[in-house]
Amino acid sequence: MGRVLIRKHHSKMIRNNPMAANSTLIMFWGVALILSLLLGLIVISPWLRRTKSRQTMIDLNISVFRERLAELESDYQQAKLDIHEYQDQKVDLERQLIAAADHDVSGVQKDQLGRTSVQHSARLPRIIICIVFLWVPIFTLGSYFLWSLHKRAEHTALVGYWSAQDQYGKVAEQLMTGQISTPPADATEHGIALLQALQANIYQHPLEAKRWVVLSQTYMAAEAVEPALATLAHAYRLNPEDDDIAMTYAQMRFFSEQGKIDDVALDLVRHILSKNPNHEGALMLMAMATYRAHLYDDAINWLQRLKAVRIARATPDQPISPAILAQLNTAIEDAKQARMQVAKSQADSTLTITVQLADRLVSKITARDTLFVYIRAAEGMPAPYAVKKLTGSMLMNQLSHHQPIELTLSDQDSMLADRTISSAHRQGTPLVVAARVSKSSNPTGESGDLESLPVPLDDRLRYTVDVDQVRP
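Using my numbering, read the sequence shown as starting at 1 and increasing by one per residue.
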C-alpha cells in the first residue's frame, strides 16, 4: 500500500511540474547517449589499437659487441694483451657480430612478413569500424525504447486500475454487501473499471462467498461465461451448504451446456433434493433436464411433483397463480405428447430381419463365431445406426433345429442416442441392412468372414438378408 501511495504522489508531482519532468527527461537521454557512445568506443577499441614494435636481436647483439670490445680495449691498455692477441680477438668479435646479424635479419624478416600478413588480413576497414561504433548506441537506445514502451503499457494499466478504485471502489462495496442491487448509470457505462473495482474488493474479502456470487453475476452480465462459472464454483466451495449458491451454480452449468445437465450439476441438484425434496428450483431444473434428454417419463414425474408442491404451498391469502398452474399443465401435456410420438416412432422403426445362410456355408460355422446384423447408412460413415449380435453356439443351435434366424432392430439397439433409425428417417438418410458372421468376433469385417449383400430399406417392416459370400 505504501508503494502505491508513493507512486501516486510521484505521478502527481510530475503532472504538477512539467518543466522539471522535461529537464529530467533531457538529462536522462543525454546521459544515456554518452554511456552508449562510451560503450561503442569500448567495443571498437581492440581494432584501433596499434601493434607495438619490439626490439630485434640485432640491437641486442650490437650492445653485447660494444661491451665486449670495451673490455678488450681495457685489457689491451692495461697490457694484459699484446697487439697480436688484441687484433685476433677483435676480429673474432666482429665475425661473431656479422654472423649473428645475418641470422637475426633473416629471422626477423620472416617474422615481420608473417605478422604483416596477419595484421593486414585481420585489420577491418575503417567504414566497418565506424558502422559498428554508430550501431552500438543505436541498438542500445532502441532496445531501451522498446522496453520502455512495454513498461509504459503496464504503467497505463496500473494507472487505470488506480482510477477505477478511486472512482468505483465505493460502488463495488455497496454491490458486494447488497446495499444496492444495480450499479449507477455512469458505472454501467464503464464496465471494465467497475469490474476491476469488484475484483479488487474480492481480493480484500476472499472468504466471503456472497461477494463471489456478485462477481459471477457481473461476469454473466458481460457475457463472460467461463469466468462466471469459475467464480461461482469458488463461491460454492466456500459455502457448499448454501442451497441458493448451489442452485445458482447448477443452473449456470445447465444453461452453459445448452440445456444438458452434466454430472456436476446433477450431483448439486441431488444434494439439494436430499435435504429439501420440495425445492422448487431443483424440481424445475430436473424436469427441464429430463425433458431435453428425451426422458419424458421422468420429466412428467418431476413436473407432477412440482405441481403438487405449488398446490400444497398455496394458501387462501396467497393462492397459486392460474397462469403458473396453466403453464405446468401445458408442460405435462407436452411431455405426454412427446412420449407418445417417441413410442410411435420406435414402433415404426422396429424392423424384423430374417437371416438366411447358404447351404454351402453352414459347415463353416463354429461356436466361436459371432453373427452381426446391423443397419447402416448406404453411403458415408460405416458406423451402424442399430446392431445386434448372436453367438456362434446359438446360431448353430438354431440351424441344427432348422429354426429361422430372426431378429428385430429398433432405436433401442443404437449405440449412440443421437444416431438412431428414427433420426436417419427424419434426416432423409438412405439406410441398408446387412449381416456378417465374424470369425474373430470383430465388428469390422476381416478376411474369411461370411457376409451378405446390403439390402436397401424402404417402407417395409420385414426384410430378409442372405449370407452367401466369403470375404476375400
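Yeah, the Cβ is synthetic: ideal placement off N, Cα and C, and Gly gets one too.
Since the model is a prediction, treat every value here as computed from it, not as a measurement.
Residue i, buried or exposed, once every other Cβ within 10 Å from all chains shown has been counted against 16
| i | result |
| --- | --- |
| Leu399 | exposed |
| Val467 | buried |
| Val433 | buried |
| Lys344 | exposed |
| Met340 | exposed |
| Leu251 | Note on residue identity: the sequence assigns Gln, not Leu, to residue 251. Classification for Gln251: buried. |
| Asp297 | exposed |
| Asp111 | Here Asp111 scores only 49 on pLDDT, less than 50, and its place in the model is too uncertain to base an answer on. |
| Val136 | buried |
| Val213 | buried |
| Lys260 | exposed |
| Asn397 | exposed |
| Lys80 | exposed |
| Lys52 | For Lys52, the predicted structure reports a pLDDT of 45, less than 50, and the residue's modelled location is therefore unreliable. A value from the coordinates is still provided. It counts as exposed. |
| Arg253 | buried |
| Ser45 | exposed |
| Asp59 | exposed |
| Asn201 | buried |
| Arg126 | exposed |
| Val355 | buried |
| Tyr203 | exposed |
| Ser216 | buried |
| Tyr144 | exposed |
| Pro404 | exposed |
| Met176 | buried |
| Asp317 | exposed |
| Met288 | buried |
| Leu146 | exposed |
| Ala299 | buried |
| Pro184 | exposed |
| Ala435 | buried |
| Met286 | buried |
| Leu461 | exposed |
| Ser438 | buried |
| Val31 | exposed |
Coil, strand or helix - residue i by DSSP
| i | result |
| --- | --- |
| Lys275 | helix |
| Gln403 | coil |
| Ser321 | coil |
| Thr290 | helix |
| Tyr144 | helix |
| Lys336 | helix |
| Thr315 | coil |
| Arg68 | helix |
| Thr464 | strand |
| Ala386 | strand |
| Gln78 | coil |
| Gln478 | Because residue 478 is not part of the residues shown, which for the chain are 1 to 472, the question remains open. |
| Arg7 | Low per-residue confidence applies at Arg7: pLDDT is 42, beneath 50, and the placement is therefore not dependable, though the value from the model is reported in the following sentence. Helix at Arg7. |
Neighbourhood of residue i by C-beta, 8 Å cutoff - its chain only, sequence neighbours within 5 removed
| i | result |
| --- | --- |
| Asp243 | Ile272, Lys275, Asn276 and His279 |
| Ala246 | Tyr236, Pro240, Leu268, His271 and Ile272 |
| Val309 | Asn278, Glu280 and Leu283 |
| Gln469 | Leu450, Glu451, Ser452 and Leu453 |
| Ala424 | Ala377, Tyr385 and Leu431 |
| Ser447 | Arg471 and Pro472 |
| Gln165 | Gln196, Ala197 and Ala200 |
| Leu69 | Lys90 and Leu93 |
| Leu72 | Leu81, Tyr86, Gln89, Lys90 and Leu93 |
| Thr420 | Ser349, Tyr385, Ala386, Asp411 and Ser414 |
Close Cβ partners of residue i (< 7 Å) along its chain, the five nearest in sequence each way excluded
| i | result |
| --- | --- |
| Lys388 | Val373, Leu407, Leu409 and Asp413 |
| Tyr249 | Leu232, Ala233, Tyr236 and Leu268 |
| His205 | Arg211 |
| Asp262 | Arg253 |
| Gln167 | Ala193 |
| Val43 | Val132 and Val136 |
| Tyr219 | Pro227, Ala228 and Thr231 |
| Ala209 | Ala235, Leu238, Asn239, Asp242 and Ile245 |
Cutoff 6 Å; reference residue i; Cβ partners in own chain excluding five residues on either side
| i | result |
| --- | --- |
| Pro456 | Val432 |
| Asp92 | none |
| Tyr86 | Tyr76 |
| Val225 | Ser256 |
Validate contact between the region 365-376 and the region 385-395 using beta carbons, cut 8 Å, 3 pairs: yes
If we require 4 or more residues per run, which alpha helix (DSSP H) segments fall completely within the region 163-225? 185-189, 191-204 and 209-221
Does the region 310-318 come into contact with the region 282-296, if we say contact requires no fewer than three beta-carbon pairs (one atom in each stretch) closer than 8 Å? no
Which complete beta strand (DSSP E) runs does the region 342-379 hold, if anything under 3 residues is left out? 351-357 and 370-377
As an exercise, report each continuous alpha helix (DSSP H) stretch of at least 4 residues that is fully enclosed by the region 391-460, in chain order. 392-400 and 421-427
Under 8 Å: do the region 326-340 and the region 298-305 share three or more Cβ pairs, one atom per stretch? yes
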